[in-house]
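Undergrad: The structure follows.
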Amino acid sequence: MQKSLKRLLSIVLCFTLVFGIGTYSFADGEEEIPAKGDAEPFRISVSMNGDAASQRGFCWYTKTETDTKVEVLDKTGASVGKVTFTESQQWEGNYYHKATVSELKAGESYTFRVGNGTEWSEYGSFVTDDGDDSFSFIEIADVQATPLENFQKAALTVNAAFETLPEAEFIVNCGDFTNDSTNEEWDRYDYSFGKINANCTIVPVSGNHDGFGVENWFNNMFNLDTSESVQTKDGVNYSFDYGNAHIAVINTNDMMSITIPQLVWLKNDLNSTDKDWKLCFMHKSPYTLGKDGKWPDALYLSESLAKVFDMCDVDMVISGHDHMYLRTKPLKGNRVSEDGTTYVLSGTAGTKRYEVREFLAGMFLNTDFIDALTVQKNGYGNYWNGKDWNSTSEDNVGGCFNTVEIKGGTLTFNSYIRNDETGEVKNIDTYSVTKETGKNKATFSGDNTTSTFEYYLGLIPSFICLAIYAFGSWLPRFLIDVPYILYVYITQDTF
Ligand SMILES: [Fe+2]
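Just so you know, we're using the numbering used here here: the sequence shown kicks off at 831 and counts up by one.
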């Protein structure tokens, strides 16, 4: 299909879902969500699953046990694709259903419905990758809501994202979909984001709030191909190609945030591609000025994962977790370098927003690394000018979303905030990089699967590495910072 026609269809589909979101009214509680019928599909998602040009993974829930069917239609209305049942199980009081549809055509728009063959969902839609070197996507993070109203405010931010980039071919959610990962919260998320999820392929990233003590919560919300990766129960690691890019999704909720088996998998995975662009998504941020930057996780990620990103020439890493927007200059070998990796801490699409922890500057994050910083909360510093923090304006108080557009050897990244009060969308940051294409070479081939035995075996050296780092690198910095942390806690009530 012609790219222009495909984009036109995408635009039509996006406006359809945007209009759908706009019809929701704010509500005070869960009583506004209509009860589901026994076999009525809900929490429907269509996710990236293996080959982005020919395959998608579907997941949905029903109240009671019933059959698992998917129907995919092409633009003529003909039923297409090979449907493979993946699994269906009782889970936390409901039943989840997973099926994969393969043998789809590249660069096509499809509609689909899920159900049991008798009772079906409404039709949703998605597009497949046409394989050329031009595509775009939306990225959000940290909706992390509990009340329905906050989920719906976040949905308005995503609504604005699709109005800003209607040709987006997929959406990345960098984790913390909910606050406590309860059935009630996932249902409010579904009620608010249902039309988005049913009309755009999602690339989900697991956040630390997406399970909260219950193994497999996140894993049972999406149908992802994790077959050739490190299998974990509190999130997933997976990768795929899209256009001229290779994309890896990393779970940072594992024990110690990241383990040696994950680092080995990631290194092999990133070395197995000759795609021009290498992008990584994860939840926790290695470079942050948010409240979680003082704990060992961030520093450990910057000391372990960044080495892999450096080694494998990763272009951009996007993460979340700290509810403010921060973009670094390109970094390599823990210094600014033109051919390094750009790290983006995605602002929150939700309503829970953090202020800058100034005590992190210098000791935990070299402020020379910062290229852009925006705090979404009024009255707090929103950028570092080399000696002082400046205050935010009301303009920056709202939900954040980001867009990435790749055209051949040029990647353009934009960050936006949708103002809470006015609904106005403001571009808060633009970053563009151009590189020579055709330079990357695949240096790894073969099986990159980590068995359960290998995974558990790898936890011992992982723990030793973390302990060495925690006592040798993190603790001394933390202890030096304690007086300042206490001072800020007493004078600003900020910890
Ligand atoms: Fe988080």
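Just so you know, even glycine gets a beta-carbon here, dropped at the ideal spot from N, CA and C.
Mind pulling the alpha helix (DSSP H) runs of 4 or more residues that sit fully within the stretch 1090 to 1120?
TA: Here the runs fully enclosed are 1090 to 1100.
Undergrad: Is Gly1043 near ligand 2 - that is, is its Cβ less than 7 Å away from at least one heavy atom of it?
TA: Ligands in the displayed structure: ligand 1; ligand 2 is not one of them.
Undergrad: Between Gly1037 and ligand 1, is the CB less than 7 Å from at least one heavy atom?
TA: Position 207 of the sequence shown, counting from 1, holds the residue named residue 1037. Answer for Gly1037: yes, Cβ within range of ligand 1.
Undergrad: Check this for me: beta carbons of Ala1179 and Phe1231, under 8 Å apart or not?
TA: On the sequence shown, residue 1179 is found 349 positions in, with the first residue counted as 1. On the sequence shown, residue 1231 is found 401 positions in, with the first residue counted as 1. For Ala1179 and Phe1231, yes; Cβs fall inside 8 Å.
Undergrad: Where does Leu934 fall in DSSP's three states?
TA: Here residue 934 is taken as the residue at index 104 of the sequence shown, counted from 1. Coil.
Undergrad: For the beta strand (DSSP E) that contains Thr1138, what are its first and last residues?
TA: Indexing the sequence shown from 1 puts residue 1138 at position 308. The amino acid at residue 1138 is misidentified as Thr; the sequence shows Val. Note, Val1138: premise wrong, no beta strand (DSSP E); alpha helix (DSSP H) at 1126 to 1141.
Undergrad: Can you pull the DSSP bridge partners for Asn1244?
TA: For the purposes of this step, residue 1244 is taken as residue 414 along the sequence shown, with counting starting at 1. Answer is Thr1233, Thr1260.
Undergrad: What is the rounded straight-line gap between the Cα of Gly954 and the Cα of Asn1029?
TA: Taking the first residue of the sequence shown as 1, we reach residue 954 at position 124. Taking the first residue of the sequence shown as 1, we reach residue 1029 at position 199. If I take the Cα positions, the gap works out to 5 Å.
Undergrad: Under the assumption that Leu978 contacts Arg1018 (Cβ atoms under 8 Å), give the Cβ distance between them as a whole number of angstroms.
TA: Taking the sequence shown and counting its residues from 1, one reaches residue 978 at position 148. Taking the sequence shown and counting its residues from 1, one reaches residue 1018 at position 188. Between Arg1018 and Leu978 the Cβ distance is about 5 Å, and since that is below 8 Å, they are a contact.
Undergrad: My output table needs one value for Ile851: the three-state DSSP class, helix, strand or coil.
TA: Residue mapping note: residue 851 aligns to position 21 of the sequence shown, counting from 1. For Ile851, the predicted structure reports a pLDDT of 42, less than 50, and the residue's modelled location is therefore unreliable. The matter cannot be settled from this model.
Undergrad: Under a Cβ-count criterion, where at least 16 other Cβ atoms within 10 Å of its own Cβ denotes burial, should Phe1301 be classed as buried or exposed?
TA: Indexing the sequence shown from 1 puts residue 1301 at position 471. Burial call: exposed.
Undergrad: In or out: Leu1309 buried (at least 16 other Cβ within 10 Å) or exposed?
TA: For the purposes of this step, residue 1309 is identified with residue 479 of the sequence shown, where counting begins at 1. It is exposed - the Cβ of Leu1309 has fewer than 16 other Cβ atoms within 10 Å.
Undergrad: Taking its Cβ as the centre, do 16 or more other Cβ atoms sit within 10 Å of Phe967, making it buried, or is it exposed?
TA: Position 137 of the sequence shown, counted from the start, is the residue given in the question as residue 967. It is buried - the Cβ of Phe967 has at least 16 other Cβ atoms within 10 Å.
Undergrad: Around the C-beta of Ile1294, are 16 or more other C-beta atoms found within 10 angstroms, so that it is buried, or is it exposed?
TA: For the purposes of this step, residue 1294 is taken as the residue at position 464 of the sequence shown. The residue in question, Ile1294, is exposed, as its Cβ has fewer than 16 Cβ neighbours within 10 Å.
Undergrad: Nearest-angstrom Cα distance between Ala990 and Val1033?
TA: Working through the sequence shown from its first residue, we reach residue 990 at position 160. Working through the sequence shown from its first residue, we reach residue 1033 at position 203. Looking at the two C-alpha atoms, the distance is approximately 19 Å.
Undergrad: Considering Ala985, what are the terminal residues of the alpha helix (DSSP H) in which it resides?
TA: Working through the sequence shown from its first residue, we reach residue 985 at position 155. Counting along the chain, the alpha helix (DSSP H) containing Ala985 begins and ends at 978 to 994.
Undergrad: Can you give me the C-alpha to C-alpha distance between Ala1272 and Ala1136, rounded to a whole angstrom?
TA: Locating residue 1272 in the sequence shown gives position 442, counting from the first residue. Locating residue 1136 in the sequence shown gives position 306, counting from the first residue. Those two C-alpha atoms are separated by around 20 Å.
Undergrad: Kindly give me the distance between the Cβ atoms of Asp1099 and Lys1114, rounded to whole angstroms, as I take these residues to be in contact under 8 Å.
TA: Taking the sequence shown and counting its residues from 1, the one referred to as residue 1099 is at position 269. Taking the sequence shown and counting its residues from 1, the one referred to as residue 1114 is at position 284. Not quite, the Cβ-Cβ distance comes to about 19 Å (not below 8 Å), so this is no contact.
Undergrad: Please state whether the Cβ-Cβ distance between Tyr1173 and Tyr1246 is less than 8 Å.
TA: Here residue 1173 refers to the residue found at position 343 of the sequence shown. Here residue 1246 refers to the residue found at position 416 of the sequence shown. Not in contact: Tyr1173 and Tyr1246 (Cβ atoms no closer than 8 Å).
Undergrad: Identify every residue that forms a DSSP beta bridge with Gln920.
TA: Sequence index remark: in the sequence shown, residue 920 carries index 90 (1-based). Answer by DSSP bridge pairing, in chain order: Tyr925.
Undergrad: Does any heavy atom of ligand 1 sit closer than 7 Å to the C-beta of Asp817?
TA: No statement about residue 817 is possible, as the shown extent of the chain runs from 831 to 1325 and does not include it.
Undergrad: Straight-line CA distance for Ser1011 to Asp881?
TA: In the sequence shown, the residue the question calls residue 1011 occupies position 181. In the sequence shown, the residue the question calls residue 881 occupies position 51. Approximately 29 Å, taken between the alpha carbons.
Undergrad: Is it true that the stretch 1089 to 1105 meets the stretch 1283 to 1293, where meeting means three or more beta-carbon pairs spaced less than 8 Å apart?
TA: Touching, yes, given that three or more Cβ pairs across the two stretches are closer than 8 Å.
Undergrad: Let me know if Asn1053 comes out buried or exposed under the rule of 16 or more other beta-carbons within 10 Å of its beta-carbon.
TA: Here residue 1053 is taken as the residue at index 223 of the sequence shown, counted from 1. It is buried - the Cβ of Asn1053 has at least 16 other Cβ atoms within 10 Å.
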